[in-house]
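Visitor: Provided herewith is a single structure, encoded as structure tokens, for subsequent inquiry.
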Amino acid sequence: MSEDKFKTRLKIAKNKAKIHKDQETAQSGSNMGTAFKMSTELVSAVAVGTIIGFILDNWFGTKPWLILIFFFVGVAAGIMNVVKTAKKMQK
Amino acid sequence: MAANPMYQFNVYRIGPEIKLGDVDISFTNASLFMVISTLAILLVFNLGAKKKSLIPDKIQLLAELSYSFVSKMISDTAGTKAKPYFSFIFSLFMFVLFCNMFGMIPYSFTVTSHIIVTFVLAAFIFIGVTIIGFIKHGLGYLKLFVPSGVPMVLLPLIVVIEIISYLSRPISLSVRLFANMMAGHTMMKVFGGFVVSLGVVGGWLPLSFSVALTGLEILVAFLQAYVFAILTCIYLNDALNLHH
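Here it is as structure tokens:
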């Protein structure tokens with residue numbers, strides 16, 4: 003008898019959980035996380051761009067040029083990171 | 500010896516030297532503190548999961564609270580699709596948190612203040628998330644690098660920028676944790692040095708700073724572990740729910 007009761011209660015609870023699940027959507031983190039994200043992402047993108055430029059320069063033997071180009075592309079990527087994060091925060 | 504504020508970050512060998520080919524894999528103080536924090540996590544959560552009483556005691560409460568905290572963090576940031584990765588993010592969060600907190604004990608060693616440790620963690624996350632993205636979306640995952648609504652002329656440049664921004668993720672993830680931990684511990688050592696050198700007369704001001712910094716560092720230790728875990732969730736979210 004009590005087992006039936008338990009089963010119905012479990013069913014109700016599962017349905018509730020399902021509704022809850024559907025309502026949940028992927029949101030953009032807490033503001034604290036995104037704020038911390040911004041500061042380092044600007045710098046790290048520049049670093050990655052410069053490293054890629056350096057490696058490509060060594061490969062192709064075009065010494066100063068690719069590192070210069072990729073440095074600025076890295077800066078652009080860093081700014082884009084920050085803008086993206088800021089847009090996410092505004093939503 | 501202790502006058503150098505960077506001395507606390509020295510890694511030295513404990514016990515015999517072990518070599519695997521040319522690689523030195525001896526047991527160091529860093530490995531010791533990793534083992535200690537892992538054992539502490541296992542101990543806390545084994546004790547916490549043992550009783551399962553309706554009215555929890557302190558240790559069970561600790562385990563249950565941290566479970567629901569991480570669970571809520573994942574569902575808030577990455578949605579319900581990320582639930583299967585709960586165990587990974589939970590262990591990651593707990594490992595970083597315990598390493599940071601063990602570093603706060605005087606004369607201990609902060610594992611996370613070394614960039615190689617945080618970088619390996621971040622690199623594993625980065626590679627793992629990329630693999631998950633390719634498994635879930637196939638080659639469609641590459642759409643992440645091609646934002647919609649960009650004119651054809653600018654597309655090559657934008658793709659390069661997007662790829663660089665994607666590659667910068669592990670760097671920013673690891674540098675943030677490492678820099679925060681290292682800067683904080685160096686500051687504490689510097690102020691501690693001031694206390695000693697200024698003596699009884701002038702040492703009170705830096706001493707009060709040291710006390711305040713200790714509180715701040717405990718906050719930072721928790722916050723950085725939280726940020727590390729939440730950014731893993733955000734990257735996972737990008738891989739699971741592709742919308743660009």
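These protein sequence lines are chains A and B, in that order.
Oh and the first sequence: position 1 is 3 in the numbering used here, straight run, nothing missing.
Oh and the second sequence: position 73 is 572 in the numbering used here, straight run, nothing missing.
Cβ coordinates follow ideal geometry from the N, Cα and C atoms, glycine included.
#1: Can you give me, in chain order, the residues of the stretch 641 to 667 of chain B that have a beta carbon less than 7 Å from any beta carbon in chain A?
#2: Ala-78/A and Ile-660/B - do their beta-carbons sit closer together than 8 Å?
#3: Just confirm the distance between the C-beta atoms of Phe-589/B and Ala-562/B, as a whole number of angstroms; I'd bet it's less than 8 Å.
#4: If the cut is a Cβ gap below 7 Å, which residues of chain B does Thr-42/A touch?
#5: Apart from the five residues just before and just after Pro-555/B, which ones in its own chain have a Cβ nearer than 8 Å to its Cβ?
#6: Could you tell me how far apart the beta carbons of Ser-46/A and Ser-667/B are, in whole angstroms, since I believe they sit closer than 8 Å?
#7: Opposite Val-522/B in the DSSP bridges: which residues?
#8: So with Cβ pairs under 8 Å, would you call Lys-18/A a contact of chain B?
#9: Is the CB of Leu-730/B under 8 Å away from at least one CB in chain A?
#10: So which residues on chain B does Ala-15/A lean against when the C-beta distance must stay under 8 Å?
#11: Quick one: residues in its chain with C-beta nearer than 7 Å to the C-beta of Ser-709/B, no 5 flanking neighbours on either side, listed in chain order?
#12: Out of Met-651/B, Asn-679/B, Leu-653/B, Pro-646/B, state which residue places its alpha-carbon closest to the alpha-carbon of Tyr-665/B.
#13: Which same chain residues end up closer than 6 Å to Lys-580/B when comparing Cβ atoms and leaving out the 5 residues on each side of it in sequence?
#14: Would Lys-18/A be called buried (16 or more neighbouring beta carbons within 10 Å of its own) or exposed?
#15: What is the DSSP secondary structure of Thr-617/B, reduced to helix, strand or coil?
#16: Kindly indicate if chain B contains any beta-carbon less than 8 Å away from that of Lys-89/A.
#17: Is it a yes or a no for the stretch 598 to 606 of chain B touching the stretch 700 to 720 of chain B, going by three-plus beta-carbon pairs under 8 Å?
#18: Under the three-state reduction of DSSP, which class applies to Gly-579/B: helix, strand or coil?
#19: Tell me Arg-512/B's beta-bridge partners as DSSP assigns them.
#20: Please list, in chain order, the chain B residues whose beta carbon lies closer than 9 Å to that of Val-75/A.
#21: List the residues of chain B that Lys-7/A touches, going by C-beta distances under 7 Å, in chain order.
#22: Express the C-alpha separation of Asp-521/B and Ser-607/B in angstroms, rounding to a whole number.
#23: Gly-63/A versus chain B: which residues are under 8 Å apart at the beta carbon?
#24: Just to confirm my understanding: we take Gln-25/A, look at its own chain, exclude 5 residues before and 5 after, and list those with CB closer than 8 Å. What are they?
#25: Check this for me: beta carbons of Ala-711/B and Pro-669/B, under 8 Å apart or not?
#26: Mind the definition here: the stretch 694 to 706 of chain B touches the stretch 565 to 585 of chain B only if three or more C-beta pairs lie below 8 Å; say whether that holds.
Guide: On the basis of the supplied data:
#1: Within the stretch 641 to 667 of chain B, the residues whose Cβ lies closer than 7 Å to some Cβ of chain A are Val-659, Ile-660, Ile-663, Ser-664, Leu-666, Ser-667, listed in chain order.
#2: As a working note, residue 660/B is residue 161 in the second sequence. As a working note, residue 78/A is residue 76 in the first sequence. Closer than 8 Å, so yes.
#3: Within the second sequence, the letter at position 90 stands for residue 589/B. Within the second sequence, the letter at position 63 stands for residue 562/B. Actually they do not touch by this definition, with Cβ atoms about 11 Å apart.
#4: Start at 1 with the first residue of the first sequence, and residue 42/A comes out as number 40. In chain order: Ser-671, Val-674, Arg-675.
#5: Counting from one through the second sequence, the residue named residue 555/B turns up at place 56. Only Glu-563 meet the Cβ criterion.
#6: Translated into positions along the first sequence, residue 46/A becomes position 44. Translated into positions along the second sequence, residue 667/B becomes position 168. Contact holds; Cβ gap of about 4 Å.
#7: The residue labelled residue 522/B in the question sits at position 23 within the second sequence. Looking at the DSSP output, Val-522/B sits in a beta bridge with Leu-519/B.
#8: As a first step, residue 18/A is located in the first sequence; it is residue number 16 there, counting from the start. For Lys-18/A, the answer is no, since every Cβ of chain B falls outside 8 Å of its Cβ.
#9: On the second sequence, residue 730/B is found 231 positions in, with the first residue counted as 1. True, the Cβ-Cβ gap to chain A drops below 8 Å.
#10: Position 13 of the first sequence, counted from the first residue, corresponds to residue 15/A. Per Cβ cutoff of 8 Å: no residues; Ala-15/A is ~17 Å from chain B at best.
#11: Indexing the second sequence from 1 puts residue 709/B at position 210. Correct list, in chain order: Met-687, Phe-690, Gly-691, Val-694.
#12: As a working note, residue 665/B is residue 166 in the second sequence. Comparing Cα-Cα distances from Tyr-665/B to each of Met-651/B, Asn-679/B, Leu-653/B, Pro-646/B, the minimum goes to Pro-646/B.
#13: Position 81 of the second sequence, counting from 1, holds the residue named residue 580/B. Contacts found: Leu-739.
#14: The residue you call residue 18/A lines up with position 16 of the first sequence. Exposed, by the Cβ-count rule.
#15: Along the second sequence, read from residue 1 onward, the residue named residue 617/B stands at position 118. Helix, per DSSP.
#16: Locating residue 89/A in the first sequence gives position 87, counting from the first residue. Lys-89/A does not count as touching chain B.
#17: Inter-segment contact for the stretch 598 to 606 of chain B and the stretch 700 to 720 of chain B is present: three or more beta-carbon pairs are separated by less than 8 Å.
#18: Within the second sequence, numbered from 1, the residue matching residue 579/B stands at position 80. Rather than Gly, the amino acid found at residue 579/B in this sequence is Thr. The three-state secondary structure of Thr-579/B, taken from DSSP, is helix.
#19: What you label residue 512/B is simply residue 13 of the second sequence in a count that begins at 1. DSSP, once it has assigned bridges, lists Thr-527/B as partnering Arg-512/B.
#20: Residue 75/A sits at position 73 when you count from the first residue of the first sequence. Residues of chain B passing the Cβ test: Leu-656, Val-659, Ile-660, Ile-663.
#21: For this step, residue 7/A is matched to residue 5 along the first sequence. Chain B residues near Lys-7/A: none, gap ~19 Å exceeds 7 Å.
#22: Within the second sequence, the letter at position 108 stands for residue 607/B. Within the second sequence, the letter at position 22 stands for residue 521/B. Ser-607/B and Asp-521/B have their C-alpha atoms spaced approximately 29 Å apart.
#23: What you label residue 63/A is simply residue 61 of the first sequence in a count that begins at 1. Near Gly-63/A there are no residues of chain B at all, since even the closest Cβ is about 21 Å away, more than 8 Å.
#24: The residue labelled residue 25/A in the question sits at position 23 within the first sequence. Reliability fails at Gln-25/A, whose pLDDT of 43 lies under 50, so the model's placement of it is uncertain and the value that follows must be treated cautiously. Around Gln-25/A, the same chain offers no residue with a beta carbon nearer than 8 Å, after the five sequence neighbours per side are excluded.
#25: Taking the second sequence and counting its residues from 1, one reaches residue 711/B at position 212. Taking the second sequence and counting its residues from 1, one reaches residue 669/B at position 170. No, the pair does not count as a contact, with Cβ atoms beyond the cut-off.
#26: Contact between the stretch 694 to 706 of chain B and the stretch 565 to 585 of chain B is absent: fewer than three C-beta pairs spanning the two stretches fall below 8 Å.
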